[in-house]
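Peer 1: Residue numbers (the numbering used here): 1 to 354. From the three backbone atoms N, C-alpha and C, an ideal C-beta is built for every residue, glycine too. None of the values given here were measured: they were computed from a predicted structure.
#1: By DSSP, does residue 36 sit in helix, in strand, or in coil?
#2: Please decide whether residue 50 counts as near chain B, where near means a Cβ-Cβ distance under 8 Å.
#3: Measure the C-alpha to C-alpha separation of residue 338 and residue 304 and round it to an integer number of angstroms.
#4: Mind checking who residue 248 pairs with in its DSSP beta bridge?
#5: Residue 44 by DSSP, collapsed to three states: which one?
#6: Rounded to whole angstroms, what's the CA-CA distance from residue 134 to residue 86? Just pull it up for me.
#7: For a test of the three-state rule: what should DSSP assign to residue 195, helix, strand or coil?
#8: Let me know if residue 190 comes out buried or exposed under the rule of 16 or more other beta-carbons within 10 Å of its beta-carbon.
#9: Enumerate in chain order the residues of its own chain whose CB-to-CB distance from residue 136 is below 8 Å, with the five nearest sequence positions on each side excluded.
#10: Can you check which of these residues, 51, 47 and 56, is closest to residue 32 by C-alpha distance?
#11: For residue 7 and residue 119, which I take to be in contact (beta-carbon distance under 8 Å), what is that distance rounded to the nearest angstrom?
#12: Thinking residue 290 and residue 225 are a contact (beta carbons under 8 Å), I'd like their distance in whole angstroms, please.
#13: According to the Cβ coordinates, are residue 241 and residue 340 closer than 8 Å?
#14: Rounded to whole angstroms, what's the CA-CA distance from residue 297 to residue 223? Just pull it up for me.
#15: So which of 328, 258 and 274 has the shortest CA-CA distance to residue 317?
#16: Tell me which residue opens and which closes the alpha helix (DSSP H) that residue 315 is part of.
#17: To the nearest angstrom, how far is it from the Cα of residue 203 to the Cα of residue 40?
#18: Is residue 146 near the ligand ATP, going by C-beta to nearest heavy atom under 7 Å?
#19: For the segment 228-238 against the segment 94-112, are there 3 or more C-beta pairs whose distance is under 8 Å?
#20: In its own chain, which residues sit with a C-beta less than 8 Å from the C-beta of residue 354, not counting the 5 before and 5 after it?
#21: Out of curiosity, what's the CA-to-CA distance linking residue 359 and residue 112?
#22: For the structure I just gave you, are there three or more beta carbon pairs, one from the segment 159-168 and one from the segment 177-186, closer than 8 Å?
#23: With DSSP run on the structure shown, which of helix, strand or coil describes residue 218?
#24: Please return the same chain residues whose Cβ sits closer than 8 Å to the Cβ of residue 199, not counting the five positions on each side in sequence.
#25: In angstroms with no decimal places, state the Cα-to-Cα distance between residue 285 and residue 319.
#26: Along the chain, where does the beta strand (DSSP E) containing residue 232 start, and where does it finish?
#27: So who's on the other strand from residue 58, going by DSSP bridges?
#28: Measure the alpha-carbon distance for residue 66 versus residue 209 and round it to whole angstroms.
#29: Exposed or buried, residue 165, counting other C-beta atoms within 10 Å across all chains shown (16 or more means buried)?
#30: Does DSSP classify residue 184 as helix, strand or coil?
#31: Go to residue 15, then tell me how far its alpha helix (DSSP H) extends in each direction, as first and last residue.
#32: Cα-Cα, which of 59, 117, 90 and 254 is closest to residue 292?
#33: Can you round the beta-carbon distance between residue 249 and residue 332 to whole angstroms, since I take them to be within the 8 Å contact cut?
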């Protein structure tokens, strides 16, 4: 059985904006178009949702529902930047990763050695890292098949995890409201309701010819999902470029010596991530990043010598001194990593030296 995790960031655009504008925390906030024109809501926080505001709603209607709603214009370049950081965290746990959107991804962790191979524990660790390193919350669904993992990620929002084990899969799917299935929009749901079909269990006892008559080729997909089957594989669309670890300090550090004292712990964690990786990568550069109290950052790379060790403390110490000298602001986060050599195929090396 596969182990699939679906990660969905909670109110992603709005959450990123609130990190930059903490004075708006506690207020209803929406990211979208101008309410005085024909703008629509892209996303909103949960405070706004309590008023009935939701994605794709005309901004003018949202304002009528919530007169105090704070409208913010989208900053797509910023969302892409934060999304990249988030997906880099995901890729630390598996090479089999499908990015669906800026705030959503599927991870196949079937062969992952992290957390003792437990998909639920991996999902929880990802949650903790995204919160600690980026200040955002994500929800996660864990299941043996793709569409159920997506459904499960919505089960305990926000910041929740819901796991559907292989043993519970049939029971979970049988009781599933058909509106939760991918592909079931308002028009399809209207047809299903007219036929008296409310849950996946209803599909299983329905006349297949009637389903094909009303839903065409989608009837096959309906039947397949209702049987707890999903032959859609993770569409891997991301090649891992590095392995890295980061740590946000409880208090900002001013001097380089304090930062260097944290390097051994980060190196141990990086070594663990390297060993737990399914693929044996070849590394060609060391990386170090510092993020400052104003959320700006600097990074430095250094080439690994042909016969040198990748995880050499003295080399990372040297990089840390250089990075620290670039900015006098206190440091809130430090990260280290190794960049993968894209031109080296490990399979060719194994053939040559095996």
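Peer 2: Considering the structure as presented:
#1: For the purposes of this step, residue 36 is taken as residue 36 along the chain shown, with counting starting at 1. Residue 36: coil per DSSP, three-state reduction.
#2: The displayed structure is made up of one protein chain only, and chain B is not part of it.
#3: Counted from its first residue, the chain shown places residue 338 at position 338. Counted from its first residue, the chain shown places residue 304 at position 304. Between the alpha carbons of residue 338 and residue 304 lies a gap of roughly 9 Å.
#4: Along the chain shown, read from residue 1 onward, the residue named residue 248 stands at position 248. DSSP lists 333 as partners of residue 248.
#5: Position 44 of the chain shown, counted from the first residue, corresponds to residue 44. If DSSP states are grouped into helix, strand and coil, residue 44 belongs with the strands.
#6: By one-based count along the chain shown, residue 134 stands at place 134. By one-based count along the chain shown, residue 86 stands at place 86. Going from the Cα of residue 134 to the Cα of residue 86 covers about 8 Å.
#7: In the chain shown, counting from the first residue as 1, residue 195 sits at position 195. Residue state, collapsed to three classes: coil.
#8: In the chain shown, residue 190 corresponds to position 190, counting from 1. Residue 190 is exposed by the Cβ-count criterion.
#9: Counting from 1 along the chain shown, the entry for residue 136 is found at position 136. If you ignore the 5 residues before and after residue 136, its C-beta comes within less than 8 Å of the C-beta of 9, 10, 12, 15, 16, 19, 82, 86 and 130, all in its own chain and listed in chain order.
#10: In the chain shown, counting from the first residue as 1, residue 32 sits at position 32. For the residues 51, 47 and 56, the minimum Cα distance to residue 32 belongs to 56.
#11: The residue labelled residue 7 in the question sits at position 7 within the chain shown. The residue labelled residue 119 in the question sits at position 119 within the chain shown. With a Cβ gap of about 12 Å, residue 7 and residue 119 do not count as contacting.
#12: Position 290 of the chain shown, counting from 1, holds the residue named residue 290. Position 225 of the chain shown, counting from 1, holds the residue named residue 225. Taking C-beta atoms under 8 Å as the contact rule, residue 290 and residue 225 fail to qualify, at a distance of about 47 Å.
#13: Residue mapping note: residue 241 aligns to position 241 of the chain shown, counting from 1. Residue mapping note: residue 340 aligns to position 340 of the chain shown, counting from 1. Taking 8 Å as the Cβ cut-off, residue 241 and residue 340 qualify as a contacting pair.
#14: If you number the chain shown from 1, residue 297 lands on position 297. If you number the chain shown from 1, residue 223 lands on position 223. Cα-Cα distance, rounded: 51 Å.
#15: Reading the chain shown from its first residue, position 317 is the one you call residue 317. Of 328, 258 and 274, the residue nearest in Cα terms is 258.
#16: Here the question's residue 315 lines up with position 315 in the chain shown. Here the alpha helix (DSSP H) through residue 315 covers 313-324.
#17: Sequence index remark: in the chain shown, residue 203 carries index 203 (1-based). Sequence index remark: in the chain shown, residue 40 carries index 40 (1-based). Computed Cα separation, rounded: 35 Å.
#18: The model on display carries no ligand, and the ligand ATP is accordingly not part of it.
#19: yes
#20: Reading the chain shown from its first residue, position 354 is the one you call residue 354. For residue 354, the predicted model reports a pLDDT of 32, less than 50, meaning its position is unreliable and no value from the coordinates is stated.
#21: Outside the shown range of the chain, which is 1 to 354, sits residue 359, and nothing can be said about it.
#22: With a cut-off of 8 Å, the segment 177-186 and the segment 159-168 do not count as touching, because too few Cβ pairs lie within range.
#23: Position 218 of the chain shown holds residue 218. Residue 218: helix per DSSP, three-state reduction.
#24: For the purposes of this step, residue 199 is identified with residue 199 of the chain shown, where counting begins at 1. Answer for residue 199: 174, 175, 176, 177 and 178, listed in chain order.
#25: Counting from one through the chain shown, the residue named residue 285 turns up at place 285. Counting from one through the chain shown, the residue named residue 319 turns up at place 319. Using only the alpha carbons, I get a separation of about 12 Å.
#26: Walking along the chain shown from the start, residue 232 turns up at place 232. Where residue 232 is concerned, there is no enclosing beta strand (DSSP E), given that its DSSP letter is neither H nor E.
#27: For the purposes of this step, residue 58 is identified with residue 58 of the chain shown, where counting begins at 1. Residue 58 is bridged to 40.
#28: Position 66 of the chain shown, counted from the start, is the residue given in the question as residue 66. Position 209 of the chain shown, counted from the start, is the residue given in the question as residue 209. Each residue's alpha carbon lies about 47 Å from the other.
#29: Taking the chain shown and counting its residues from 1, the one referred to as residue 165 is at position 165. Result: exposed.
#30: Sequence index remark: in the chain shown, residue 184 carries index 184 (1-based). Residue 184: coil per DSSP, three-state reduction.
#31: Translated into the one-based positions of the chain shown, residue 15 becomes position 15. 12-20 is the extent of the alpha helix (DSSP H) around residue 15.
#32: Translated into the one-based positions of the chain shown, residue 292 becomes position 292. Checking every option, the nearest Cα to that of residue 292 belongs to 254.
#33: Sequence index remark: in the chain shown, residue 249 carries index 249 (1-based). Sequence index remark: in the chain shown, residue 332 carries index 332 (1-based). Sure, about 6 Å apart at Cβ, within 8 Å.
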